Amino acid sequence: MMEEELAPVQRWAVKLEYDGTGLVGWQRQKSGLSVQSLLEEAAARLANNRPVSSITAGRTDSGVHALAQVAHLDFPADVRFSRHSVREGLSYHLKPHNVVVLDAAQVDTDWSARFSAIWRSYQYRILNRRSRPTLLAGQVWHVKSTLDVEKMQEAANILVGSHDFTSFRAVACQAHSPMRTLDQLEVSRHGDEVIVFAKARSFLHHQVRNMVGTLKLVGIGAWQPERVADALEARNRCAAGPTAPPEGLYLNGVGYDPDPFD
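Just so we're aligned, residue -15 is where the sequence shown starts under the working numbering, counting upward by one.
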């Protein structure tokens, strides 16, 4: 009887939480620590020091955090794991960095963390008080002037739906099209914090941070909400507000159908 032929790799989906402070973002860079390099190095140690490649659902920039980012790893087929051993083993080898694996699931090799995703969500945290942050330093954008959340939501409603988001994407954005469909953009206050929540199938480079920077102008009264419509229509990055700093941004979650982690 012939032995069953092994697939060249076994693919595992992993859900990650990390503090982006001091990291250069997701993507491996020529210098500096990236989430990708840390994860792949941890995975290689599980795979008996053999290289393991990874793909993520969404790249994050330097200083950006994640509550539930998803990536997939291609391990050699002859190394056997359980869900527990992948989650705990990767988390162990990621020490002492502030990156941890929340969950893991084996998936088919045609499943992709990036291309199988049906939505992504982000939240942006603004500390809205006079005093500077101490415990939340590096985790929020500090805005001293009182923000009018109702006006910000009025402006946010203008951006929901399918639009050309040229005015809200980075000049260096490499996406082929500026068209995106924004499913949700909600602004809420929780004590001294103002949270901006955004959800879409995909986002342009810096789109969330550029939208937040624009909404902040509305919140402090520098812009009226209708000016956001003018900025959107202009299809010119110079027409919108500044880019909010990275430390307030969190990749909140990634959706799949079916969800491999269920």
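Beta carbons: idealized from backbone N, C-alpha and C, even for Gly. This one's a predicted model, so the numbers in the text were calculated from it and none came from an experiment.
Since residue i is in the beta strand (DSSP E), which residue starts that stretch and which ends it?
i    : result
Q168 : M163 to H174
I251 : In the structure as shown, the chain begins at -15 and stops at 246. Residue 251 is therefore absent and cannot be evaluated.
D241 : Element bounds for D241: n/a, residue is neither H nor E.
Could you tell me the alpha carbon to alpha carbon distance between residue i and residue j, rounded to whole angstroms?
i      : j     : result
N194   : W(-4) : 33 Å
I179   : E24   : 32 Å
L143   : V70   : 40 Å
S115   : V127  : 9 Å
V91    : D243  : 10 Å
V63    : V54   : 22 Å
P230   : E1    : 16 Å
D176   : A88   : 35 Å
V124   : P(-8) : 43 Å
S21    : C157  : 23 Å
M(-14) : P35   : For M(-14), the pLDDT reaches just 44, beneath the cut-off of 50, and the residue's location in the model is therefore unreliable, although a value from the coordinates is still provided. Cα to Cα, the separation comes out at about 29 Å.
L199   : V(-2) : 33 Å
A61    : Q137  : 50 Å
S172   : Y240  : 26 Å
R109   : E217  : 27 Å
S245   : Q(-6) : The displayed chain sequence assigns Phe, not Ser, to residue 245. Straight-line Cα distance between these residues: approximately 16 Å.
G47    : T93   : 31 Å
G6     : M163  : 32 Å
R286   : A154  : Since the first and last residues shown for the chain are -15 and 246, residue 286 lies out of range.
T44    : Q208  : 30 Å
S129   : P226  : 16 Å
A140   : L169  : 6 Å
L30    : G237  : 26 Å
G9     : T150  : 23 Å
S37    : F181  : 31 Å
L166   : V196  : 14 Å
Y234   : N33   : 31 Å
Q191   : D58   : 30 Å
E(-12) : R12   : Any reading at E(-12) needs caution, since the residue's pLDDT is 46, under 50, leaving its predicted position unreliable; the model's value is listed next. C-alpha separation (whole angstroms): 36 Å.
S161   : G73   : 40 Å
G4     : S186  : 21 Å
R98    : I39   : 7 Å
S15    : D214  : 40 Å
N82    : N112  : 26 Å
H147   : L119  : 38 Å
G232   : F65   : 36 Å
S18    : D132  : 36 Å
A41    : S105  : 11 Å
Under the assumption that residue i contacts residue j (Cβ atoms under 8 Å), give the Cβ distance between them as a whole number of angstroms.
i    : j    : result
V202 : K135 : 5 Å
H56  : W95  : 7 Å
S100 : V85  : Rounded, the Cβ-Cβ distance is 19 Å, inconsistent with contact.
H77  : A26  : 4 Å
A224 : L188 : Wrong, their Cβ atoms sit about 12 Å apart, outside the cutoff.
Return the bridge partner residues of residue i from the DSSP annotation.
i     : result
K(-1) : V54 and D87
V(-7) : P60
W125  : I110
L235  : A50 and Y106
How far does the alpha helix (DSSP H) with residue i in it reach, from first residue to last?
i    : result
G145 : It is not in any alpha helix (DSSP H) - G145 instead sits in the beta strand (DSSP E) that spans G145 to D148.
A159 : Counting along the chain, A159 falls outside any alpha helix (DSSP H), and DSSP gives it neither H nor E.
A182 : Note, A182: premise wrong, no alpha helix (DSSP H); beta strand (DSSP E) at E177 to A184.
V212 : E210 to A218
L201 : Q191 to G203
Q: May I have a chain-ordered list of the beta strand (DSSP E) segments no shorter than 3 residues that lie completely inside the segment 11 to 87?
A: 37 to 40 and 49 to 60, all fully within the segment 11 to 87.
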